[in-house]
Amino acid sequence: MRVFGKSDIGSVRKMNQDYMYFSEAPVGQLPNLFIVADGMGGHKAGDYASRMSVENFVDYIQKAPPDAPIRIVDDGIHYVNELVMEKAQQYSELSGMGTTFVAAFIVDKTLYVANVGDSRLYLIDSEINQVTEDHSYVGAMVRAGEITVDEARHHPDKNIITRAIGAAWDIRVDFFEVDLEPGDKILMCSDGLSNMVDDATLLDIISNTYIGDAVDALINEAKANGGLDNITAIVIDPFDEEVN
Numbered sequence: 001m002r003v004f005g006k007s008d009i010g011s012v013r014k015m016n017q018d019y020m021y022f023s024e025a026p027v028g029q030l031p032n033l034f035i036v037a038d039g040m041g042g043h044k045a046g047d048y049a050s051r052m053s054v055e056n057f058v059d060y061i062q063k064a065p066p067d068a069p070i071r072i073v074d075d076g077i078h079y080v081n082e083l084v085m086e087k088a089q090q091y092s093e094l095s096g097m098g099t100t101f102v103a104a105f106i107v108d109k110t111l112y113v114a115n116v117g118d119s120r121l122y123l124i125d126s127e128i129n130q131v132t133e134d135h136s137y138v139g140a141m142v143r144a145g146e147i148t149v150d151e152a153r154h155h156p157d158k159n160i161i162t163r164a165i166g167a168a169w170d171i172r173v174d175f176f177e178v179d180l181e182p183g184d185k186i187l188m189c190s191d192g193l194s195n196m197v198d199d200a201t202l203l204d205i206i207s208n209t210y211i212g213d214a215v216d217a218l219i220n221e222a223k224a225n226g227g228l229d230n231i232t233a234i235v236i237d238p239f240d241e242e243v244n
């Protein structure tokens, strides 16, 4: 397995409210772990929400007793959701903060994904397929056939999130399971990438760029198209054996 990830402030924002984490080594009961979170909230609240959620989630996973991996992940997301909700109630400057959260891990040749919000995970082979579903106003419109994917990318309400950590005490998490084949690659990203770079270009970059350079190429493409938001990307090649 080979993994590269990077988070960039973009060309417009004054603060990076994205946060990511990745480990090819075991984390608690999980054999590996990859996370992208995109915070929301005024001033530093979004930055705090994403960082707090990821760091406390990783800590939870590291300490969790043996259980089914998906249950550990689900419990961990509910745990950090309660932390964010409690903190937002305690401090007025953090009121309304929240974050998207997409987490993944690989067992043997199976990819497991948990998602809340509109950060994404794609599976890339000869095509690009979005595994996660966007928990957003425009995401629901796309699924209903009311607008196209391209229209959603430029829709004035594209930033309205319908599910997020910190949005409600009772959080619902989507789970996905994907069988992996040799040649597959995985892209995890915040909407600062997916809103600025179309799927065909994402596919072209990841298919035709060495994985070590692909993350920078993706971020540079998003910035060349305006870089209107923070940009975070993790690219995973599950079958690439690093030679020392």
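Note that the sequence shown covers residues 1 to 244 in our numbering. Note that beta-carbon positions come from the ideal geometry of N, C-alpha and C, so glycine has one too.
| Check | Outcome |
| --- | --- |
| Please report the distance separating the alpha-carbon of Ala217 from that of Val113. | 25 angstroms |
| Could you tell me which uninterrupted beta strand (DSSP E) segments, each at least 3 residues in length, are contained entirely in the stretch 157–184, listed from first to last along the chain? | 174–179 |
| So Ser11 packs on Lys223, CB below 8 angstroms; how close in whole Å? | 5 angstroms |
| Report back the beta-carbon spacing between Lys185 and Ile124 to the nearest angstrom; my notes put them in contact at under 8 angstroms. | 5 angstroms |
| Can you find at least 3 beta carbon pairs, one from the stretch 59–74 and one from the stretch 34–48, that sit closer than 8 angstroms? | no |
| Would you kindly work out how many angstroms separate the C-alpha atoms of Val3 and His155, rounded to a whole number? | 32 angstroms |
| Return the CA-CA distance between Val215 and Val178, expressed in angstroms with no decimal places. | 22 angstroms |
| Helix, strand or coil: how does DSSP classify Val84 here? | helix |
| Using C-beta distances below 6 angstroms, list every residue in its chain close to Tyr19, excluding the 5 sequence neighbours before and after it, in chain order. | Ala37, Ser50, Arg51 and Val54 |
| With a cut-off of 8 angstroms on the beta carbons, I'd call Met97 and Ala88 a contact; round off their distance for me. | 5 angstroms |
| Excluding sequence positions up to five away, which residues of its chain have a Cβ less than 7 angstroms from the Cβ of Met85? | Gly166 and Trp169 |
| Of the choices Glu151, Glu127, Asn115 and Phe176, whose alpha-carbon is the least far from that of Asp134? | Asn115 |
| Going by other Cβ atoms of all chains shown within 10 Å of its Cβ, with 16 needed for buried, is Ser245 buried or exposed? | Any question about residue 245 goes unanswered here, given that the chain covers just 1 to 244. |
| Mapping the DSSP letters down to three states, classify Val243 as helix, strand or coil. | Note that Val243 has pLDDT 40, beneath the 50 cutoff, so the model's placement of it is unreliable and the number below is only indicative. In the structure shown, Val243 sits in coil (DSSP, three-state: anything other than H, G, I, E or B). |
| Distance check for Ile9 and Glu181, CA to CA, integer angstroms please. | 33 angstroms |
| Kindly indicate which three-state DSSP category Ser136 falls into: helix, strand or coil? | strand |
| Whole beta strand (DSSP E) runs in the stretch 193–238 with 3 or more residues, listed along the chain? | 231–237 |
| Thinking C-beta only, is Gly28 closer than 7 angstroms to Ile77? | no |
| On the DSSP bridge assignment, give the partners of Ala104 in chain order. | Phe34 and Val113 |
| So, under 8 angstroms CB-CB, Leu187 and Tyr122 are touching, yes? Tell me the CB distance rounded to an integer number of Å. | 4 angstroms |
| Looking only at C-alpha atoms, which of Val131, Ile161, Ser126 and Arg172 sits nearest to Met141? | Ile161 |
| CB-CB under 6 angstroms to Asp240, same chain, minus the five flanking residues each way: which ones, in chain order? | Arg2 |
| Please look up how many angstroms separate the CB atoms of Leu94 and Gly41, rounded, as I've assumed it's under 8 angstroms. | 7 angstroms |
| I need the straight-line Cα distance from Asn230 to Ala64, nearest angstrom please. | 31 angstroms |
| Under 7 angstroms between the Cβ atoms of Val31 and Val149? | Here residue 31 turns out to be Pro, not Val, going by the sequence shown. Not closer than 7 angstroms, so no. |
| How should Thr99 be labelled, buried or exposed, when 16 other C-beta atoms within 10 angstroms of its C-beta is the threshold for buried? | buried |
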